[in-house]
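Scroll down for the structure; my scribbles are underneath it.
In the numbering used here, the protein residues as written are 13 to 55.
Have a look at this one:
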């Protein structure tokens with residue numbers, strides 16, 4: 013096979029949750045689930 017370089021991508025948001033405020037994530041629904049772990053967000 014032949015290697016093909018991919019396009020350059022940039023991260024808009026790199027999020028790392030604060031474990032001390034975990035109880036609030038359950039009250040936030042989908043947003044809380046998205047914020048439960050380290051994540052990358054792009055529009």
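Cβ coordinates follow ideal geometry from the N, Cα and C atoms, glycine included.
As the structure is a computational prediction, the values presented were derived from the model and not from experiment.
Taking residue i as the reference, give the member of the options with the closest Cα.
| i | options | result |
| --- | --- | --- |
| residue 52 | 29, 17 and 41 | 29 |
| residue 44 | 18, 20 and 27 | 27 |
| residue 32 | 13, 18, 21 and 49 | 49 |
DSSP state of residue i, grouped into three classes?
| i | result |
| --- | --- |
| residue 33 | helix |
| residue 43 | helix |
Exposed or buried, residue i, counting other C-beta atoms within 10 Å across all chains shown (16 or more means buried)?
| i | result |
| --- | --- |
| residue 47 | buried |
What does DSSP give as the partner residues of residue i in its beta bridges?
| i | result |
| --- | --- |
| residue 23 | DSSP output for residue 23 lists no bridge partner at all. |
| residue 51 | 27 |
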